[in-house]
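Colleague:
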Amino acid sequence: MQHNTFPSSNISSSRLIYGCMRIAGDNSSQDRVKGKRAIQTALEVGYNHFDHADIYGDGECESLFGELLNESPSLRDGIILTSKAGIRRDPQRYDFSSDYLISSVENSLKRLHTDYLDLFLLHRPDYLFSAEDVAQTFMQLKQSGKVKHFGVSNFSPSQLSLLQSALDEPLLVNQIEINIHNISSFSDGTLDQCQQFGITPIAWCPLGGVVYPAWGNTFSADDEQRIEKELALQAKKYDCQPWQLILAWLLKHPANINPIIGSTTPERIIAAKKALELDYSHVDWYRLLEARNGQAVP
Ligand SMILES: NC(=O)c1ccc[n+]([C@@H]2O[C@H](COP(=O)([O-])OP(=O)(O)OC[C@H]3O[C@@H](n4cnc5c(N)ncnc54)[C@H](OP(=O)(O)O)[C@@H]3O)[C@@H](O)[C@H]2O)c1
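Numbering (the working numbering), first residue to last: 1 to 298.
Structure, rendered in structure tokens:
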């Protein structure tokens, strides 16, 4: 497994991050066993970075991971734990108030059976947030030792800049949706900002639009057929699976995208690593983009 050090930190993350959103499944004992096996597989094959959020499985995903850490506390030092907060239910809204964020982190720590998060991310931008207030909250979390580093998720470049302007320390990551369907970060400044300021982009749902319909799917049947056809051609050429090519397509971007792998199937968690070995060409990158767009680049 390749690793990369996130700029301005000592975080050395596996290039593929393991996403814990699905590990509790429907919370049946069968799904929980499957989820634990998935985490163990990820650990065995070199993933050292695990992505959580307070809301995944209503907290059950963090609790399941915490069971593993409770059984094997020595695991903690060798892994990077990320969690997120800021989305509230009943009623659905975003909330970056200090009390809410601090209590969310404390609850995540309890569920995960750990004293600290390596990275804490704001899950989705709260349109009503005050950058100064969030900066103070981050400082409190850092001083208490509960969080080592901070980042954001689903932030636009200007929202990230606004928050950064109030902080004394760098935001390390922006976790965003990037897949064959959603490529807005290629052109809306998000990946440019990441490159310019050494912020690591982390791609959620990297396989959306290929192995399952992406959020807000707008692909027509024709789009899907064109993409499938190009993927099949390239899969033959690179002797791999179409979904592994999509990961290679993301990894090729110079912003150093770190995809999050969300499969709970051990074989797929292992096979995702093949994407790191593909010598994916510049020409094929554009061929796939054109298949996606249904037209040649101008
Ligand atoms: N920040 C955010 O707003 C946000 C939003 C969503 C997700 N996330 C993070 O991103 C992580 C990854 O998201 P994701 O789970 O959607 O990622 P993903 O890796 O794109 O998708 C995983 C899903 O695809 C299925 N799958 C994978 N390969 C397949 C194949 N070859 N054929 C058929 N199905 C296949 C998996 O099923 P099996 O499990 O059966 O293999 C699983 O249901 C999450 O765990 C979470 O940590 C963040």
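Don't be surprised by glycine CBs; every beta carbon is placed ideally from N, CA and C.
1. Near residue 189, which residues of its chain fall below 6 Å by C-beta distance, leaving aside the five closest residues on each side in sequence?
2. Taking one C-beta from the region 35 to 42 and one from the region 196 to 216 each time, how about it: are there three or more such pairs within less than 8 Å?
3. Report the three-state DSSP secondary structure of residue 190 (helix, strand or coil).
4. Taking Cβ positions, are residue 160 and residue 171 nearer each other than 8 Å?
5. So residue 55 is in the beta strand (DSSP E); what residue range does that whole segment cover?
6. Ligand 1 and residue 47: does any heavy atom of the ligand fall closer than 7 Å to the residue's C-beta?
7. Regarding residue 283 and ligand 1, is the C-beta to nearest heavy atom distance less than 7 Å?
8. Comparing the C-beta of residue 202 with each C-beta of chain B, is any distance below 8 Å?
9. Does the beta-carbon of residue 126 have 16 or more other beta-carbons within 10 angstroms, so that it is buried, or is it exposed?
10. Quick check on DSSP: helix, strand or coil for residue 238?
11. Which class does residue 215 belong to by DSSP, given the choice of helix, strand or coil?
12. Specify the secondary structure class of residue 266 as computed by DSSP and reduced to three states.
13. Does the beta-carbon distance from residue 77 to residue 260 come in below 8 Å?
14. Does at least one heavy atom of ligand 1 sit under 7 Å from the Cβ of residue 123?
15. For a test of your reading of the model: does the CB of residue 173 fall under 7 Å from any non-hydrogen atom of ligand 1? Yes or no.
16. Give the list of continuous alpha helix (DSSP H) stretches no shorter than 4 residues that lie fully inside the region 76 to 110.
17. Once you ignore the five residues that flank residue 270 on each side, which residues in its own chain have a CB closer than 6 Å to its CB?
18. Please report the distance separating the alpha-carbon of residue 193 from that of residue 28.
19. Is residue 128 helix, strand or coil by DSSP?
20. Return yes when the Cβ of residue 1 is within less than 8 Å of the Cβ of residue 15, no when it is not.
21. Rounded to the nearest angstrom, what separates residue 58 and residue 289 at their Cα positions?
22. For residue 138, which of 112, 103, 114 has the nearest alpha-carbon?
23. Helix, strand or coil for residue 196, going by three-state DSSP, please let me know.
24. By DSSP, does residue 293 sit in helix, in strand, or in coil?
25. Out of 221, 252, 128, point me to the one whose CA is closest to residue 283's CA.
26. Is it buried or exposed for residue 121, if we count other Cβ within 10 angstroms and need 16 for buried?
Modeller: Inspection of the coordinates gives the following:
1. 157
2. no
3. helix
4. yes
5. Taken as a continuous stretch (DSSP letters only), residue 55 belongs to no beta strand (DSSP E), as it is neither H nor E.
6. no
7. no
8. Although the question refers to chain B, the structure presented lacks it and comprises just one protein chain.
9. buried
10. helix
11. coil
12. helix
13. no
14. yes
15. no
16. none
17. 45
18. 42 Å
19. coil
20. yes
21. 36 Å
22. 103
23. helix
24. helix
25. 252
26. buried
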